[in-house]
Amino acid sequence: VGVAVANFVVRLIGRPVARRVSRQSVAQTIVRGVRVGTIGVALFIGLSAAGFQFSDLLLGTAVFSAVIGIVLAPLVGNFINGVFILADQPFEIGDMIELEDGTAGFVEDITIRYTKIFTLDNTFLVVPNGTMRERDVTNLSAEDERTRRSIDVLVTYESDIPEARRRIERAARDCEAVIDGGPDIRIGVARYMAGPDCRLHEFGDNGILLRLRYWVKKPYKLAKVQSDVNTNIRQRLGDPEANVTMAYPHRHLVFDDTSGVARVESGSGTPNGVDPDAPAAAAPDLSDDAATDADRPGSDASASSSGAGTRRDRDDRGSGAAEQ
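Pasting the structure below:
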């Protein structure tokens, strides 16, 4: 009976609440609260009519209060965080959000305990409100669905920079989902060019860094648009007529006029006095059988040599030796 009464009350107040409350998440929370409250009142009346003593229940609650508090602490935390999410309004049902881990999708439902996200991978992600409050959430469609993205392109210092900028901008305009012009897009007090804009960002160690900024019409197309823009940039800069070269980490070594190869020559014009074409000298034979007469005492062979040396002749008439 209580469930039937609760459903009747929800149907009775559902449409008036939806018309008066602009936020769908708040309207759904109010309707759920009324339904739970109606069922609780019906249950209380039924137990009272059956003669149930609530004083015994209060005594039992005092005994198990510590245990219940520990068990229900996460649920209570999610409930409180759900109230904060509904009050702070960081996102609404239908908004496209992106979590800090890169998960993106549309908000399907916001309850007191959890937030349901319909991801771009066609899956449902249910996140407790306590976790949602602790994460960094990016709302991609809160005020305006148009989203700006940027791509960095590194070109060499020898490249034609003005031509590179023009080709990069045309590469972005060729994508259908990219806004190619029109009135400036206003964010707060700032105004931004609606069409693609490529600027010289900085001078790096390996080249000149160009930064392209462009606006996308629908946030759920960001991944595809970025891939298409990168492909077009590669094709346009790869054209030989562009006179643009994409840079990569490298080192360029420059030698001055004093650099060269040192060669040391000695003797008759040969390095180190050695003729590289001359045959190698034969190794001496140090065996016992190779002893010559020059090694024997008193041998005449030891007294002569080819063009130089010392010769000793014995003089029998005297005790001395003649030396030449």
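Each residue of the sequence shown is one higher than the one before, counting from 3 in the working numbering. The beta-carbon is built from N, C-alpha and C at its ideal position, and this holds for glycine as well. Remember, predicted model here, so these are calculated numbers, not experimental data.
Under a 10 Å Cβ-count criterion, I235 is classified as buried, with 16 or more other Cβ atoms of the shown protein chains found around its own Cβ. Under DSSP, I99 forms a beta bridge with G107 and N141.
Judged by DSSP in its simplified three-state form, S152 adopts strand. The region 90-98 makes no contact with the region 39-46, as fewer than three CB pairs between them are under 8 Å. Residue range I163 to R175 is occupied by the alpha helix (DSSP H) that includes P164.
Where E204 is concerned, the enclosing beta strand (DSSP E) starts and stops at D199 to F205.
Here the C-alpha atom of N9 lies approximately 34 Å from the C-alpha atom of S143. In terms of Cβ geometry, K223 and A166 do not form a close pair [threshold 8 Å]. Here DSSP, grouped into helix, strand and coil, assigns T117 to strand. Annotated as distal: F86 and R115, with beta-carbon spacing of 8 Å or more.
By the 16-neighbour rule on beta-carbons within 10 angstroms, N245 is exposed. In this structure the region 205-221 lies against the region 130-147, because at least three pairs of beta carbons, one per stretch, are closer than 8 Å.
L239 is positioned such that its CB atom lies closer than 8 Å to that of R169.
The secondary-structure analysis by DSSP pairs M248 across a beta bridge with V157. Here I99 is buried. Its C-beta has 16 or more other C-beta atoms within 10 Å. With 16 or more other Cβ atoms inside 10 Å of its own Cβ, V227 counts as buried. In this structure V38 is not in contact with V11, their Cβ atoms being roughly 11 Å apart against a cut-off of 8 Å.
It is roughly 19 Å from the alpha-carbon of N124 to the alpha-carbon of E102. With a 10 Å radius around the Cβ and a threshold of 16 neighbouring Cβ atoms, F257 comes out exposed. Taking C-beta atoms as the reference points, D111 and N141 fail to come closer than 8 Å.
One thing to note: P198 has its Cβ no nearer than 8 Å to the Cβ of L211. Between M248 and the set P164, D230 and G209, the nearest pair of CA atoms involves G209. In the three-state DSSP reduction, V129 falls in the strand class (E or B). For the pair L122 and A106, the CB atoms are nearer than the 8 Å cut-off.
For the 8 Å CB-CB criterion, D186 and M195 form a contact. Excluding five sequence positions before and after R137, the CB atoms of its chain that fall closer than 6 Å to its own CB belong to L101 and E102, given in chain order.
Between F108 and I15, the alpha-carbon positions lie close to 27 Å from each other. In the DSSP assignment, V227 falls within the unbroken alpha helix (DSSP H) covering L224 to L239. In the same chain as N232, and ignoring 5 residues on each side of it, the C-beta atoms closer than 7 Å to its own belong to I153, in chain order.
T113 sits close to G84, with the two beta carbons spaced by under 8 Å. When secondary structure is reduced to three states using DSSP, V256 falls in the coil class, being assigned neither helix nor strand.
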